[in-house]
Structure formats: C-alpha cells, structure tokens
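Trainee: Residue numbers (the numbering used here), protein chains in the order written: chain A, 15 to 219; chain B, -7 to 246.
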C-alpha cells in the first residue's frame, strides 16, 4: 500500500485519484503506523513552502527516518521542494534536508509562475522516468525552483531560459517539480514506475 | 521550452455543458465529465469549468462535479463562477480542482486575491477579467462584472497590473465584444495586457478559425488560448488546433 501523506495542503486528492486510476492500492493518511508500514510514501503539496513545512510538523521527523531506512519516497511540487535544505519563499525556511540544495525564486526576465507544459530531457539512468523516451512534456506550476548542489543525485532538467531541475533521484528518494498526477498519460507512467519501485522494495504495491 | 496551451472551456448549467452567444441563447453541449475526459484524451492542455448559474444551490452541484471530474481527468482544470470566499476556494481545491477563477468577487473585494494567494499559492489563483471596449480609437477597455451584465469604471490594464501585484498567478482575459462571434480574439486587448503584466495570460472570446489561435499567441502575446464553441461542436479537434500551431512554428504539447 502506497501512503499519500495527508498534511493539510491542497489537492492531495488528485494524487490519490491518479494512483487508484492505475490500479494501485493507495491511502491518504497522517497516521504514524500507516506511514511506517507503507510500501512507499508520497509527499504531495500545493502550498507555499513555509506553510507546507509547518503543516507537516511532527511528521517531518518520521518522514526523514523512514527515508533514511530506505523506503521509497516521492515528493511532488512543494513536496519535492521540501526534500531540500532551505527555501527563501516568503522568508527563510528549513526543509527536510534529505537532498542538498536550496529552493530559490525563478530568476526575473520571464513569465512567473512557470505555468504549463514544458519539455523534460530524460536521462537514461533515472528509473522514475523510465519508458518515456528522450523527451516528454509535463505540467508545471511554480514560482520557485530547487538549485541542487548534492552530487549524489541524478537530475532531469527542463529549460526555462536556463536549465532548471525538473526531477531528482537520490537512492530511494525521488521528486518531481512538475505534477505527474496532472500530466496525462506520461505522468501516469511515472506513478506506475514509482509503484513498481515500491513493489520491488516490499514485495507488494 | 514552455509550450503554448490550448484550453477548452466548458460552461456548466444544471450539470450540463452549454454554449451561447454573448451569454444568451444557451444550447446543450453535453455531459461535463464525459466532455472533460474526451478533451483530456484528445490532447487538451487544461480545462476550465465555469458554473454560469452560480447560485447557492449550484455550489453543491459544482463541488460534486469537481470531484467526479478529478477522478477521471488527469490534466489540470480550473473552476470558476460565483466564487466569493476563501472557504469556497478551499473546498474546490480540496475536491480536486487545480485552480480557481475569480471575477466579480475580486473586483468587489480585491483582498480575496491576496488572501487566496497567501493561503494556497499564486499558481492556483486565476483572476478572470471580462473586458468591454470603451473607446474605439484609444484602445481603452473597462472591466465588466456579474457575467458581463454590469460595466464598471475600472480600466482593464490598471486592473490587470493590480491583480498581479495582489498575487494572482494567471489572468483569464475575455473580450466581451468578441465573445461568441467567432471573428477572432481581440488582440489589441491581449497585447495591451500581456505587455503590462508578467504573469501568464489566457485569451478568451472570439475563436472561430485556426488562424485566430495563432494570431492571439503571436499578435496578442498570450500564453494560452481558450475556446468553447469551436470545440464542443466538433469543427476542429484539439489535436487539429495543436497540429496547426506546431506547423506554423508555435511550440505546443503534442
């Protein structure tokens, strides 16, 4: 069972809907026990960074411990941004610090938010993005991005006047700045890939 | 490269999709969930559902509709029509909408934009601006409210800049003069707004031919084109529209 962490941020339902649609057992939960026994965790999020990290509250420590233990974790949008060390969105905030990097504003000189479908160049070695060819469009909606400094990561980039990280993997920790649950068939494929990773990890989906 | 978006708009009344000319002579165009799924399958980048009755009774219906759509459609969709409070926005986003569009309530209470942006993030706050041309020669437009039935003295360009500053993440710009005519978008209006703001602008009102989409993007400078009647009645499919744009050198998500 994949658990989507319920921590009072917007639009968690869409993530659950998408996993159900691909035939995956999924539960929205904020209960420690369910999070502990899940085959994989999804940290969704439509909110400002500071609001999201505060809303996560005490669950933050548990998510970190579980990620260190090797359980697959997928962060989406703000959930992805929370994986990093800090963010400057409306003040200075600390993230989970699972991946080295900071979340900073998209530089001026272009339309912000970065909103809509942008092309992501897919590296061959990223399992989360497997089976999608060399390039695919995904739906983005964000004003800040993660400047990744961690060298132990694989990163897929999109271009918005500069190469901007769109997806990351560090061992069992995965993230997408874009919304796979809102990116049509290509997005659903990513969720299927994540479900497969979870299944391999625990023997069940 | 960020692609230009093609967005079908579904006007909803009593749980059915309808389409009229200048908000009049409404015709039935189908089931919202069925049409939404169809558009998603045929390559629409996003969808907009507009509750055109927007009564207290219809509020409950629209939330149920949003839930149903979210279970079946895996592209972003926006919901608008009669939204007045942060609580209503919260309910719609929780039900599965990606964004909400606010119009009259934003004019009456601009703080609603700031409050919603603070709580939910700018990316889910769309401000819909209904513009009516005030003086033909000087390229001036006034903001209309209440589904286009009431004109205000507010200048459209000034209002667009203000909503951006308040935290709106996107502007859905409808030309009341062009809406339903199928004679093309008002690209002077579009250009005036896109030059004035830095957030994405969606052009609405007047699409009838494929070249209108191209003109709005190139002449109007918009990030997305919205259309209703051209798609519901099958004149062109979304795929045809995108293919046409791609052939003319516009970057689209095909």
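Glycine included, C-beta positions come from ideal geometry on N, C-alpha and C.
Quick caveat: nothing in here was measured; it's all calculated off a predicted structure.
#1: Rounded to whole angstroms, how far is the Cβ of residue 121/B from the Cβ of residue 151/B, which I believe are closer than 8 Å?
#2: If you drop the 5 nearest sequence neighbours on each side, which residues of the same chain put their C-beta closer than 8 Å to that of residue 36/A?
#3: Please work out which residues of its chain come closer than 7 Å, Cβ to Cβ, to residue 183/B, disregarding the five sequence neighbours upstream and downstream, and give them in chain order.
#4: Going by the beta-carbon positions, is the gap between residue 198/A and residue 67/B smaller than 7 Å?
#5: Taking 7 Å as the CB-CB cut-off, is residue 155/A touching chain B?
#6: Of the choices 145/B, 142/B, 185/B and 107/B, whose alpha-carbon is the least far from that of residue 194/B?
#7: From the DSSP secondary-structure annotation, give me the bridge partner or partners of residue 173/A.
#8: What does residue 125/A reach in chain B if we use C-beta pairs closer than 7 Å?
#9: Between residue 27/A and chain B, is any beta-carbon pair separated by less than 7 Å?
#10: Residues of the stretch 173 to 189 of chain A with a CB closer than 7 Å to any CB of chain B: list them in chain order, please.
#11: So what does residue 93/B bridge to, in DSSP terms?
#12: Hey, would you say residue 209/B sits closer than 7 Å to residue 5/B, going by beta carbons?
#13: Does DSSP put residue 102/B in a helix, a strand or coil?
#14: Residues of chain B with CB under 8 Å from residue 32/A, in chain order?
#15: Count the CB pairs spanning the stretch 153 to 161 of chain A and the stretch 95 to 108 of chain A that are closer than 8 Å, and state whether there are at least three.
#16: Would residue 129/A pass as an interface residue toward chain B - the criterion being a Cβ-Cβ separation below 7 Å?
#17: Using 10 angstroms around the beta-carbon of residue 258/A, count the other beta-carbons present and answer buried if the total reaches 16, otherwise exposed.
#18: Evaluate residue 46/A with the Cβ neighbour count: other Cβ atoms within 10 Å of its Cβ, from every protein chain shown; 16 or more gives buried, anything less gives exposed.
#19: Applying the criterion that 16 or more other CB atoms from any shown protein chain within 10 Å of the CB defines a buried residue, is residue 176/A buried or exposed?
#20: Taking only beta-carbon positions, decide if residue 37/B is within less than 7 Å of chain A.
#21: For the stretch 134 to 155 of chain B, list every residue whose C-beta sits within 7 Å of some C-beta in chain A, in sequence order.
#22: Mind checking which residues open and close the beta strand (DSSP E) that includes residue 98/A?
Mentor: Short version:
#1: On the second chain, residue 121/B is found 129 positions in, with the first residue counted as 1. On the second chain, residue 151/B is found 159 positions in, with the first residue counted as 1. Contact flag correct, Cβ pair sits at about 6 Å.
#2: Stepping through the first chain from its first residue, residue 36/A is reached at position 22. Hits under 8 Å: 202, 205, 206 and 209.
#3: Along the second chain, one-based indexing puts residue 183/B at 191. Hits under 7 Å: 211, 212 and 213.
#4: Looking up residue 198/A in the first chain gives position 184. Looking up residue 67/B in the second chain gives position 75. Cβ atoms of residue 198/A and residue 67/B: closer than 7 Å.
#5: What you label residue 155/A is simply residue 141 of the first chain in a count that begins at 1. Interface residue, yes.
#6: On the second chain, residue 194/B is found 202 positions in, with the first residue counted as 1. When each option's Cα is compared against that of residue 194/B, the closest is 185/B.
#7: Taking the first residue of the first chain as 1, we reach residue 173/A at position 159. 177/A.
#8: Stepping through the first chain from its first residue, residue 125/A is reached at position 111. Within 7 Å Cβ-Cβ: 190, 191, 192 and 215.
#9: Residue numbering aside, residue 27/A sits at position 13 when the first chain is read from its first letter. Judged by the 7 Å Cβ criterion, residue 27/A is in contact with chain B.
#10: 173 and 174
#11: Taking the first residue of the second chain as position 1, residue 93/B is located at position 101. The partner list for residue 93/B (beta bridge, DSSP) reads 72/B and 118/B.
#12: The residue given as residue 209/B occupies position 217 in the second chain. The residue given as residue 5/B occupies position 13 in the second chain. No, the Cβ-Cβ distance between residue 209/B and residue 5/B is not below 7 Å.
#13: Along the second chain, one-based indexing puts residue 102/B at 110. In the structure shown, residue 102/B sits in coil (DSSP, three-state: anything other than H, G, I, E or B).
#14: For the purposes of this step, residue 32/A is taken as the residue at position 18 of the first chain. By Cβ distance, chain B contributes 66.
#15: yes
#16: On the first chain, position 115 is the one that residue 129/A refers to. Closer than 7 Å to some Cβ of chain B, the Cβ of residue 129/A qualifies, so yes.
#17: Coverage of chain A is limited to positions 15 through 219, which leaves residue 258/A absent and any answer about it impossible.
#18: Numbered from 1 along the first chain, position 32 holds the residue referred to as residue 46/A. Exposed, because fewer than 16 other Cβ atoms sit within 10 Å of the Cβ of residue 46/A.
#19: Against the first chain, residue 176/A aligns to sequence position 162. Classification for residue 176/A: exposed.
#20: Within the second chain, residue 37/B is the residue found at index 45, counting from 1. So yes, residue 37/B belongs to the interface.
#21: none
#22: Walking along the first chain from the start, residue 98/A turns up at place 84. That residue, residue 98/A, is in no beta strand (DSSP E); it is neither H nor E in DSSP.
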